[in-house]
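Chemist: Mapped onto UniProt numbering, the consecutive letters of the sequence shown carry residue numbers 1 to 131.
C-beta atoms are modelled at their ideal positions from N, C-alpha and C, and glycine is treated no differently.
Sharing a structure below in structure tokens format, with a few things to ask.
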Amino acid sequence: MKLPLTDAEFLNVAGVGEHKLQKYGVPFIQRIIEFCEEHPERQPVMNAVAEPVRKPAKKTVGDSHLETYKLHQAGKTVADIAAERELVESTVENHLIQCIQQGMEVDYDLLIPAEHIEGLERAWQKPAATD
Numbered sequence: 001m002k003l004p005l006t007d008a009e010f011l012n013v014a015g016v017g018e019h020k021l022q023k024y025g026v027p028f029i030q031r032i033i034e035f036c037e038e039h040p041e042r043q044p045v046m047n048a049v050a051e052p053v054r055k056p057a058k059k060t061v062g063d064s065h066l067e068t069y070k071l072h073q074a075g076k077t078v079a080d081i082a083a084e085r086e087l088v089e090s091t092v093e094n095h096l097i098q099c100i101q102q103g104m105e106v107d108y109d110l111l112i113p114a115e116h117i118e119g120l121e122r123a124w125q126k127p128a129a130t131d
């Protein structure tokens with residue numbers, strides 16, 4: 001039976017991170033120790049488990065749009081940037097909007113699919129309806 005007796009072992013439990021360790025670790029571990037004392041025939045096996053592999057923390061958000069902008073300037077599409085940066089396309093689009101708001105040049109041909117540009121141009125040239 002796998003029973004965590006230390007903080008490191010508790011972190012090896014699927015779904016447990018630093019937040020849950022801080023919130024639940026002490027009471028859970030205390031109860032497990034009590035259980036082991038009450039049931040000496042049940043010995044924990046967690047000790048042999050290696051330290052958990054942690055994903056590195058993501059970069060801070062501050063200049064994330066600039067990284068997106070560099071890739072956009074290199075001619076990559078929104079879909080390409082999203083795939084490369086492991087972002088959703090709407091995040092990439094928001095980054096590029098932020099760049100436009102900061103006065104940076106954005107290639108709209110890469111931002112708007114070609115099949116939509118013709119329709120937008122027609123709509124732009126159409127006179128506004130009056131009542």
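Thr68 and Leu110 look like a contact to me (Cβ under 8 Å); what is the Cβ gap, rounded to whole Å?
Modeler: Along the sequence shown, read from residue 1 onward, the residue named residue 68 stands at position 68. Along the sequence shown, read from residue 1 onward, the residue named residue 110 stands at position 110. The pair is not a contact, with the Cβ atoms about 12 Å apart (cut-off 8 Å).
Chemist: Would you call the region 36-43 and the region 70-89 in contact, with 3 or more CB pairs under 8 Å?
Modeler: With the cut-off at 8 Å, the region 36-43 and the region 70-89 do not touch.
Chemist: Near Ala79, what residues of its chain come up, given a Cβ to Cβ distance below 8 Å and the 5 sequence neighbours on each side ignored?
Modeler: Translated into positions along the sequence shown, residue 79 becomes position 79. If we look at Ala79 and ignore the five residues flanking it on each side, its Cβ neighbours are Glu89.
Chemist: Within its chain, find whatever has a CB closer than 7 Å to the CB of Met104; leave out the 5 residues flanking it on each side and keep chain order.
Modeler: Within the sequence shown, residue 104 is the residue found at index 104, counting from 1. The residues are Tyr69.
Chemist: So what does DSSP say about Arg122, is it helix, strand or coil?
Modeler: In the sequence shown, the residue the question calls residue 122 occupies position 122. Arg122 falls in the helix class under three-state DSSP.
Chemist: Can you say whether Ala14 is buried or exposed, counting buried as having 16 or more other CB atoms within 10 angstroms of its CB?
Modeler: Taking the first residue of the sequence shown as position 1, residue 14 is located at position 14. Its Cβ having fewer than 16 others within 10 Å, Ala14 is exposed.
Chemist: Quick check on Thr6: does DSSP put it in helix, strand or coil?
Modeler: In the sequence shown, residue 6 corresponds to position 6, counting from 1. The answer is coil: DSSP assigns Thr6 none of H, G, I, E or B.
Chemist: Does the distance from the C-beta atom of Leu11 to that of Ile32 stay below 8 Å?
Modeler: Mapped onto the sequence shown, residue 11 falls at position 11. Mapped onto the sequence shown, residue 32 falls at position 32. Not closer than 8 Å, so no.
Chemist: In the structure shown, what three-state DSSP assignment does His39 receive?
Modeler: The sequence position of residue 39 within the sequence shown is 39, counting from 1. Coil, per DSSP.
Chemist: Tell me whether Ala123 is buried or exposed, calling it buried when 16 or more other Cβ atoms sit within 10 Å of its Cβ.
Modeler: On the sequence shown, residue 123 is found 123 positions in, with the first residue counted as 1. Exposed, by the Cβ-count rule.
Chemist: What are the boundary residues of the alpha helix (DSSP H) that includes Thr91?
Modeler: Position 91 of the sequence shown holds residue 91. Looking at the DSSP string, the run of the alpha helix (DSSP H) that includes Thr91 is Glu89 to Gln101.
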